[in-house]
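In my numbering, the protein residues as written are 934 to 1056.
Note that CB positions come from ideal geometry on N, CA and C, so glycine has one too.
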DNA sequence: TGCATGACTCGAG
DNA sequence: CCTCGAGCCATGC
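Put into structure tokens, the structure is as follows:
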């Protein structure tokens, strides 16, 4: 049975609350997975495509929590400025930079990617 | 319930 | 082009 939520308290421990959240995560992962090789999408764009406008930060959180060695193409997600978002240490991930260049995504001298050229445009 | 934390974004200056 | 500040919103303590 569904374990009635005591109305007041609904800690993330609530079974349906957790499943609902997991579904949002799945949608985000699926969207990221659909970004074609050679192009990039911003956190906000991924959120919108996943049907979650204004949730760019959630996309970032999800990617941050990805297990090392994940098959997901997390490197195709950059910020709206076309840059690799700084990590906790304040510097952009060299790994992400490498992966992108390896699949043909070019970086300008200022560290930005020309979104008009490499930005993902879902059909 | 309140308050701080961000792989965010956008508009000003 | 860059730095800031404000707005945004799920999380976690």
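- Annotation: residue 953 to residue 1042 spans about 42 Å, alpha carbon to alpha carbon.
- When only Cα atoms are considered, residue 983 and residue 1044 end up about 27 Å apart.
- Residue 1019 is bridged by DSSP to 1025.
- Straight across, the Cα-Cα distance linking residue 1012 with residue 977 is about 8 Å.
- Closest in C-alpha terms to residue 1008, from the list 985, 992 and 956, comes 992.
- Note on geometry: alpha-carbon atoms of residue 1018 and residue 970 lie some 19 Å from one another.
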